[in-house]
């Protein structure tokens with residue numbers, strides 16, 4: 006396991022946590038959401054729809070890690 010891993014268990018992620026894609030380094034910030042995927046601001050990472058992928062590289066959610074900049 007690496008630091009920042011949530012082991013695919015969304016219950017381990019705080020609602021306001023920012024997560025970074027391990028493939029392209031795009032950051033999902035719940036305060037911003039994902040306008041490209043019509044995800045509104047205020048949506049926690051754990052509440053993203055099952056079909057959601059990284060808007061930059063199409064990586065699945067399990068490829069994301071919690072940012073250490075909190």
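Numbering (this note's numbering), first residue to last: 6 to 75. Beta carbons: idealized from backbone N, C-alpha and C, even for Gly. Note that the coordinates shown come from a computational prediction; the quantities given were computed from them, not determined experimentally.
Leaving out five residues on either side along the sequence, give the residues of the same chain with a beta carbon under 6 Å from the beta carbon of residue 8.
Low confidence applies here, because residue 8 scores a pLDDT of 46, under 50, leaving its location unreliable; read the following figure in that light. Once the five neighbours on either side are set aside, residue 8 has no close Cβ partner at all.
Are the C-beta of residue 72 and some C-beta of chain D separated by less than 8 Å?
Looking at the structure shown, chain D is missing, and only one protein chain is on hand.
In its own chain, which residues sit with a C-beta less than 6 Å from the C-beta of residue 75, not counting the 5 before and 5 after it?
Interpretation of residue 75 is limited by its pLDDT of 48, a score under 50 that renders its predicted location unreliable; no figure is taken from the coordinates.
Does residue 23 pass the burial test, meaning 16 or more other C-beta atoms within 10 Å, or should it be called exposed?
Result: buried.
Who are residue 19's beta bridge partners in DSSP?
Residue 19 pairs with nothing; no bridge assigned.
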